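Note that the working numbering numbers the sequence shown so that position 103 is 103, with each residue one more than the last.
Backbone N, C-alpha and C fix where the C-beta goes; we use that ideal spot for every residue, glycine too.
None of these values were measured; they are calculated from a predicted model.
Only one structure is covered here, and it is reproduced in the block below.
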Amino acid sequence: MKKKYIVTLTAEERQGLQEMISRGKAAARKLMHARMLLKADASEDGPAWEDQAIAEGLEVGRATVERVRRQFVEEGFAAALERRQPRREYRRRLDGEGEAHLIALACSQPPEGCARWSLRLLAARMMVLEYVEQLSEDTVGRTLKKTN
């Protein structure tokens with residue numbers, strides 16, 4: 001089967017990977033990816049192993065080898081070795097104004113029939129007062145812990 005992503009390392013890249021492996025001081029994942037790239041190298045000095053042989057030799061899945069090949073070809077040398085930054089973007093439920101309302105509410109008198117505010121009560125009251133659309137007690141707890 002003809003490979004779509006062909007790894008061709010330069011002499012400097014090959015030497016850098018071999019030094020990294022011989023030192024053994026990098027993260028295990030990085031060292032494993034370095035070994036995969038060296039075995040997959042299709043340049044004159046490389047062994048150009050097939051994905052299945054690399055997977056069996058390094059005891060990883062074939063899909064992992066394919067993914068490292070693709071990352072090297074599409075994103076570059078560093079991307080194949082380093083961890084990717086998370087792509088997910090986290091939206092904050094409470095901004096500064098929402099946190100101020102929450103703290104003011106927590107410092108006020110608890111509702112009738114309650115000795116003190118619970119996290120669940122605070123979250124429910126913040127939604128009733130329409131400061132936020134949705135809020136969990138975990139978020140309330142983290143916010144109040146931040147402010148002591």
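Going by DSSP, what residue range makes up the alpha helix (DSSP H) through Ile6? Taking the sequence shown and counting its residues from 1, the one referred to as residue 6 is at position 6. Bounds of any alpha helix (DSSP H) do not take in Ile6, whose DSSP letter is neither H nor E.
Drop a sphere of 10 angstroms on the beta-carbon of Asp45, count the other beta-carbons inside from all chains shown, and report buried for 16 or more, exposed for fewer. Locating residue 45 in the sequence shown gives position 45, where the first residue counts as 1. Exposed is the call here.
Cα-Cα separation, Leu122 to Leu102: Taking the first residue of the sequence shown as 1, we reach residue 122 at position 122. Taking the first residue of the sequence shown as 1, we reach residue 102 at position 102. So the two alpha carbons sit approximately 7 angstroms from each other.
Exposed or buried, Arg120, counting other C-beta atoms within 10 Å across all chains shown (16 or more means buried)? In the sequence shown, counting from the first residue as 1, residue 120 sits at position 120. So Arg120 ends up on the exposed side.
With 16 other Cβ atoms within 10 Å as the buried cut-off, status of Ala55: One-based indexing of the sequence shown puts residue 55 at position 55. Here Ala55 is buried. Its C-beta has 16 or more other C-beta atoms within 10 Å.
Using beta-carbon positions only, say whether Leu9 and Ala34 come within less than 7 angstroms of one another. Within the sequence shown, residue 9 is the residue found at index 9, counting from 1. Within the sequence shown, residue 34 is the residue found at index 34, counting from 1. Their beta carbons are not under 7 angstroms apart, which means Leu9 does not touch Ala34 by this criterion.
Jot down the residue ranges of each uninterrupted alpha helix (DSSP H) in the stretch 90 to 136, minimum 4 residues, whole runs only, in chain order. Segments of the alpha helix (DSSP H) lying fully in the stretch 90 to 136: 96 to 107 and 119 to 128.
Candidates Arg125, Ala104 and Gly98, of which the one nearest Pro111 by Cα: On the sequence shown, residue 111 is found 111 positions in, with the first residue counted as 1. From the listed residues Arg125, Ala104 and Gly98, the smallest Cα separation to Pro111 is found for Arg125.
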